[in-house]
Amino acid sequence: MNVREYKITISDSNSSIAEQERINPKHLFPYDFKPLQEEMLEELITHPHVLWHAPTGFGKTVVALTSMLHCLLGPQKTITKIIIMVRMKTQVFRILDEAFTLSSHYFKNYENFVPEKNEKSTKSFPSEIISLPLIGKEELCVNTKATTTTKRHGQIDCKGLRCPLFQKKAPSGNELEELILSYFMKDLKSTKEIKEFLMVETPALCPYFVLKSMLKKAQIVVTTHAWLLNPQLSTALFKELYVDPSTTAIIIDEVHNFKAHQTGIISYNQIKTASLFAFRHELELKTFLSKMENQFRTHKLTMANPLIDHENSYQLARIDYAIESFLGRKIPSEEDRRGLNALRLLHNFLSTDGDLWYYDKEDFITKEGKKIVYKVMKRMMPFPETTLNKIETFSRVILMSGTLFPPRAYLTLFGLDKSFQLVEVPHEPRKIKYLTFMHPNISSRQRDRGSQLFKIQDQLIDQLHDLNPKHTLVFSTSKVFTKDLGKVYSALYPEKEIFIESTSQQNQVMLEKLRLKKHELIFATLAGGFSEGVEIKDRITEASKIAMIIFTGIPHPPPNLTQLLLEHRFIKRFGKKNTIFFLKWLPIYQTLLQAAGRGIRRPTDQCIIICLDYRLPGLGIFPKLLSTNTYNIGIITSLVQSFFEN
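In this text, residue positions in the sequence shown follow this note's numbering: the first is 973, and each later residue adds one.
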């Protein structure tokens, strides 16, 4: 929606908004209210900590932002900054557009909010609401030494503030305000555009540190989940931007994606390199590193005791001291540079969060295509609540999800039963149908997953896509399957154009093309970019252009060592029955229904979901009243035809 089309919703009463005891949050909302949005806005303001469950396409972002903005302005002001977190980088700029919509509406109606200009009113009602993205240091780096083959050396220079781009101070005062104004005049839509903008406006400065200075002025900061999940990034977020939890609000979208996650990994070779470096330079920690190396070499692939605990936590300070002592010195030896870098990697690994330590193996493919297996040690955070505890002290928190998931189960899994209020929006009935082709020889988990299986699936996909008047989105369980399925399809039907999910930048170009087309076939991966946050909608009606979604398999969690160790942890806490639910059934449920939501973004959308895996009905994921399971492909094609005709 264009800024010029905003509906101004100022009070009809004779009294001005500022004369009222508290600002009515409805006056801040930039659009006409859809059903239940007004009620949900009041609910979010009433409860400071909320798990909010609303259907896809409800408008959660703008409602949540409005509720937070209400607490940022006027006499009821309790917060000074709003942080919004999304799963993927590509979603950041969509959220910024929504924030800009709100700030533009506020600016247009500023005179109504503040009829009398004085020091008190200006403080309560700032003349502008600044929204900026938080982007990683490496993405914004313009130092060729740090972005080429000498990247490792460039990172050391960066940490030691020896990069030439640190010679001048970042802009401040009027200069900073002018830079922010110039930023908004450009209407930048990507990380690349922001990087180029900062290179032009502040050519002699580090773009990351300039952006960080700008962020201190921002009331709304938009970034990704990684800045909370990654301990080092969360430290940067809270400390470098001076985030005070008591006056900060946070909105986390797609919170159902918070799960057990790996927080650190280090290989035996890196430990060995760090140990050799310590012996070469007679560092005090050489005995500690030697012991660690021997333990690493002999230990089996299973759970391990922490390398750092309360008894030897001082070793972490020793490693840090050793690194700092070398930062200001020239290191001509390549061997020593590798050793110092290994020591830095070890420090990062030991200082991160994650109370599950274990030895595992990792495959690495060289440029020549040779497969190498490394022994590694990993750290994992088994329970999402460990991450969410970081934000529980924030003044206001909204955790959002649009997936058709069981929200009360997530309250238990996240450990939020007592501290968070569950707010649910009833799901409106939508025209949706679930079909499963139960042929016993078609499954993504078969041993023989060769070209013959892909050929059969592609023939079925082509047959079904021809019945669909709009786009068809085909999901596979891995990137490899997605590429193989696309290759076989192109070989079978060389005259037909298809789209295959790729890198983020290529996906954006692809999406722009798809929004202009009517009947295309798209191959994508479950839990990938197209599965989690993609909208392909009509530019005028905003209706979804995806009317058919096909699953070629079920995304069962892989039976690896990580999964086995997580099961042990979950059984101790939740019991065996709940562990099966949380670790196996719930991830499948969430992944499939999140992907299915790509076709039902609005209440008026219609979509048919087809699964080409006979095991699906046994999981009980899709609603029985809306599902048909059959061995007869003719029945499926007949049901698809009638679905689109009615």
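The C-beta atom is built at its ideal place from N, Cα and C for all residues, glycine as well.
Output the boundary residues of the beta strand (DSSP E) element that contains residue i.
| i | result |
| --- | --- |
| aspartate 1069 | Unbroken run through aspartate 1069 is the alpha helix (DSSP H), 1061–1080; no beta strand (DSSP E). |
| threonine 1195 | 1192–1196 |
| valine 1058 | 1053–1058 |
| leucine 1360 | Run containing leucine 1360: none in the beta strand (DSSP E); it sits in the alpha helix (DSSP H), 1357–1360. |
| leucine 1371 | 1368–1373 |
Figure out for me which residue from the options has the closest Cα to the Cα of residue i.
| i | options | result |
| --- | --- | --- |
| isoleucine 1222 | Gln1478, Phe1336, Lys1161, Ile1056 | Ile1056 |
| lysine 1427 | Pro1412, Asp1456, Glu1168, His1437 | Asp1456 |
| asparagine 1361 | Thr1116, Leu1385, Tyr1346 | Leu1385 |
| threonine 1196 | His1271, Lys1263, Pro1105, Tyr1286 | Pro1105 |
| serine 1462 | Ser1423, Gln1478, Leu1439, Leu1498 | Ser1423 |
| serine 1099 | Glu1265, Thr1050, Leu1045 | Leu1045 |
| valine 1345 | Met1157, Asn1241, Asn1277, Leu1483 | Asn1241 |
| leucine 1201 | His1077, Glu1357, Tyr1330 | Glu1357 |
| isoleucine 1291 | Leu1261, Val1215, Ile1238, Asn1266 | Leu1261 |
| glutamine 1613 | Leu1439, Leu1558, Pro1466 | Leu1439 |
| lysine 1442 | Pro1466, Ile1518, Leu1407 | Ile1518 |
| histidine 1399 | Leu1000, Pro1002, Pro1027 | Pro1027 |
| leucine 1137 | Pro1179, Ile1102, Thr1052 | Pro1179 |
| tryptophan 1199 | Gln1429, Met1275, His1019, Met1060 | Met1060 |
| threonine 1359 | Lys1347, Gly1387, Glu1340, Ala1381 | Gly1387 |
| methionine 1353 | Thr1220, Lys1231, Gln1566 | Lys1231 |
| threonine 1524 | Lys1548, Thr1449, Phe1542 | Thr1449 |
| arginine 1380 | Leu1008, Asn996, Ile995, Trp1024 | Trp1024 |
How is residue i classed by DSSP in three states: helix, strand or coil?
| i | result |
| --- | --- |
| isoleucine 1552 | helix |
| histidine 1019 | coil |
| threonine 1444 | strand |
| glycine 1031 | coil |
| valine 1345 | strand |
| isoleucine 1102 | coil |
| phenylalanine 1156 | helix |
| alanine 1567 | helix |
| glutamine 1048 | coil |
| glycine 1108 | coil |
| asparagine 1604 | coil |
| glutamate 1507 | coil |
| valine 1481 | helix |
| alanine 1463 | helix |
| aspartate 1216 | coil |
| threonine 1524 | coil |
| threonine 1338 | coil |
| cysteine 1130 | helix |
| serine 1474 | coil |
| aspartate 1577 | coil |
| leucine 1328 | strand |
| lysine 1450 | Here residue 1450 is serine; the residue named in the question, lysine, does not match the sequence. Here serine 1450 sits in coil by DSSP. |
| valine 1114 | coil |
| lysine 1211 | helix |
| lysine 1496 | Checking the sequence, you will find alanine at residue 1496 rather than lysine. Of the three classes helix, strand and coil, the one that applies to alanine 1496 here is strand, per DSSP. |
| alanine 1036 | helix |
Short of 6 Å in beta carbon distance, which residues of its chain neighbour residue i, apart from the five on each side in sequence? Order them along the chain.
| i | result |
| --- | --- |
| serine 1039 | Leu1013, Leu1016, Ile1017 |
| phenylalanine 1615 | Lys1405, Ile1580 |
| glutamine 1578 | Lys1403 |
| isoleucine 1363 | Ile1222, Val1369 |
| serine 1516 | Lys1509, Gly1571, Arg1573, Asp1577 |
| lysine 1468 | none |
| lysine 1123 | In this predicted model, lysine 1123 has a pLDDT of only 49, less than 50, meaning its place in the structure is not dependable; the value taken from the coordinates is given anyway. There are no such residues. |
| methionine 1520 | Asn1440, Thr1444, Ile1580 |
In the DSSP assignment, find the unbroken alpha helix (DSSP H) run with residue i in it and report its ends.
| i | result |
| --- | --- |
| glutamate 1307 | 1306–1323 |
| lysine 1164 | 1163–1173 |
| histidine 1540 | 1533–1546 |
| arginine 1489 | Checking the sequence shown, residue 1489 turns out to be lysine, not arginine. Note, lysine 1489: premise wrong, no alpha helix (DSSP H); not H, not E. |
| phenylalanine 1138 | Run containing phenylalanine 1138: none; DSSP gives neither H nor E here. |
| serine 1185 | 1179–1187 |
| leucine 1205 | 1203–1207 |
Does the ligand SAH have even one heavy atom less than 8 Å from the beta-carbon of residue i?
| i | result |
| --- | --- |
| asparagine 1266 | Looking at this structure, you won't find the ligand SAH or any other ligand, since it has none at all. |
Sorted by chain position, which residues of the same chain lie with C-beta nearer than 7 Å to residue i's C-beta, five sequence neighbours on each side aside?
| i | result |
| --- | --- |
| proline 1143 | Leu1151, Thr1174, Val1182, Ser1185 |
| glutamate 1473 | Thr1454, Asn1479, Phe1495, Ala1496, Thr1497, Gly1500, Gly1501, Phe1502 |
| arginine 1269 | Tyr1240 |
| leucine 967 | Beyond the ends of the chain as shown, which are 973 and 1618, falls residue 967; an answer cannot be given. |
| valine 1460 | Ser1423, Phe1426, Lys1427, Asp1430 |
Only counting the same chain, and skipping five residues up and downstream in sequence, which positions put a Cβ closer than 8 Å to that of residue i?
| i | result |
| --- | --- |
| leucine 1037 | Ile1054, Ile1056, Glu1070, Ala1071, Leu1074, Ile1192, Ile1223 |
| lysine 998 | Thr981, Phe1005, Glu1010, Leu1013 |
| leucine 1187 | Leu1104, Leu1106, Val1193, Leu1213 |
(request) Mind listing, in chain order, the continuous beta strand (DSSP E) runs of no fewer than 3 residues lying wholly within the segment 1377–1439? (result) 1393–1396, 1403–1409
(message) Give the list of continuous alpha helix (DSSP H) stretches no shorter than 4 residues that lie fully inside the segment 1229–1304.
(response) 1240–1252, 1258–1270, 1286–1299
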